[in-house]
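Working notes, beginning with the structure itself.
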Amino acid sequence: MSELSLSSNLQVITAEINSYKQIAGQSVFEIGKRLKHVKENDLVHGQWETWLSEHVDFSRMQAHRFIEAYEQFGNVTTSLQTSKIFELLSLPESIDRNEFVDREHVVPSTGESKTVDEMTVKELREVKKALKTAEQAAAESEQRAKQAEAERQLAIQQHTEQQEKLLAQIDELKKKKAMSLEDKERLQKLTEQNFSLTRTIDQIREEYEAKVTKLENDRHSIKKLKESFKNILVTINFEHSQAEYYMLGLKGIKDAQDAVKHFVDRFEEEVLPRIEQWRRITEINLEQGGSEDVQSSSSARSGVVIDIDPEEG
1 MSELSLSSNL
11 QVITAEINSY
21 KQIAGQSVFE
31 IGKRLKHVKE
41 NDLVHGQWET
51 WLSEHVDFSR
61 MQAHRFIEAY
71 EQFGNVTTSL
81 QTSKIFELLS
91 LPESIDRNEF
101 VDREHVVPST
111 GESKTVDEMT
121 VKELREVKKA
131 LKTAEQAAAE
141 SEQRAKQAEA
151 ERQLAIQQHT
161 EQQEKLLAQI
171 DELKKKKAMS
181 LEDKERLQKL
191 TEQNFSLTRT
201 IDQIREEYEA
211 KVTKLENDRH
221 SIKKLKESFK
231 NILVTINFEH
241 SQAEYYMLGL
251 KGIKDAQDAV
261 KHFVDRFEEE
271 VLPRIEQWRR
281 ITEINLEQGG
291 SEDVQSSSSA
301 RSGVVIDIDP
311 EEG
């Protein structure tokens, strides 16, 4: 049998390799579909692992991954490569598989926007890691917000309960037909405490509203910060690719070499110091810690509770 002749065109060979990789990816779904059918219908009469080992040369874990791939991505129209399919299995359950595969994602190391089909496996891992980090940060932020709200509600409840006791004592004193000097002094003191409690409750509400506003402003600023960094990386990578393209045709030309040297000198003078500046900013923020707001909030609230004199209870 004569061997099939292969093209000498690198672009053709590359396209053929990627095509076969996609076919291999589609076969993962078909294998997973059939494994699932065998297992769910007990076609091997309880001999699942034995059948896997002896007839299809799969371990139980391998079979599970193929079935999981079919369940998660079997309805995805894009033909994914095998390595990407298995890489995507660890996506959080909250992520819609179809949407994730179809839409573009920003690759952290380059700032480029790519679909899963367009990414390398390494880039896909970067995107997954960034997604996981973002989800963890969002979860932590939500937890902090819930904790702050719970503390606020508790503080208001404590102050309200104290205020109700004060008002009850004030009403009791006012019902007296004739108040002694001691009663009048006590009424004055209770009235002042009631005013202080009212002011404190208002202060707690105002502080909370201010923090909510700041949180919304911070989220907006973070979004804009990320957009700025993304635009910087996209611009740098695009212009760098353009410069490389032009330089390839200018090898050995002194003016081109001088231009490269001039660029490198200016890059070291203007860009590298900015990178060091960002590193210093990050180090300062890390040293300050991320839970300062919650701690200061908690300590501030613990200091505004006004205790009623036991003798007056």
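Residue numbers for the sequence shown follow the UniProt record's numbering, beginning at 1 and rising by one. Glycine residues also receive a C-beta, built at the ideal position from the N, C-alpha and C atoms.
Alpha-carbon to alpha-carbon, residue j and residue i
i       : j       : result
Asp-19  : Val-121 : Reading the sequence as shown, one finds Ser at residue 19 and not Asp. Their Cα atoms are separated by approximately 16 Å.
Leu-173 : Thr-133 : 60 Å
Leu-166 : Ala-139 : 40 Å
Arg-152 : Arg-205 : 8 Å
Met-119 : Glu-268 : 31 Å
Leu-250 : Phe-263 : 16 Å
Gln-62  : Leu-43  : 19 Å
Range of the contiguous alpha helix (DSSP H) that encloses residue i
i       : result
Asn-98  : 97-102
Leu-197 : 181-248
His-64  : 60-73
Lys-84  : 82-88
His-45  : His-45 -> no alpha helix (DSSP H), and no H or E assigned at all.
Ile-170 : 121-174
Ser-256 : The question names Ser, but residue 256 is Ala in the sequence shown. It spans 254-266 - the alpha helix (DSSP H) in which Ala-256 sits, taken as one unbroken run.
Which of helix, strand or coil DSSP assigns to residue i
i       : result
His-55  : helix
Val-107 : coil
Ser-113 : strand
Leu-272 : helix
Gly-290 : Residue confidence for Gly-290 is low, a pLDDT of 46 falling below 50, so the modelled location carries little weight; the figure read from the coordinates is stated next. Here Gly-290 sits in coil by DSSP.
Leu-10  : helix
Lys-36  : helix
Glu-16  : helix
Residue i and residue j closer than 8 Å at C-beta
i       : j      : result
Lys-128 : Leu-91 : yes
Leu-35  : Glu-87 : no
Asn-67  : Gly-32 : The amino acid occupying residue 67 in the given sequence is Ile; Asn does not appear at that position. In contact: Ile-67 and Gly-32 (Cβ atoms closer than 8 Å).
Ile-17  : Leu-6  : no
Arg-60  : Glu-49 : yes
Nearest-angstrom beta carbon gap, residue j and residue i [assumed within contact, 8 Å]
i       : j       : result
Ser-113 : Glu-126 : Incorrect: roughly 13 Å between the Cβ atoms, too far for contact.
Gln-81  : Gly-25  : 5 Å
Lys-84  : Val-116 : 6 Å
Phe-73  : Phe-29  : 7 Å
Residue i at chain C interface by Cβ criterion, 8 Å
i      : result
Asn-41 : Looking at the structure shown, chain C is missing, and only one protein chain is on hand.
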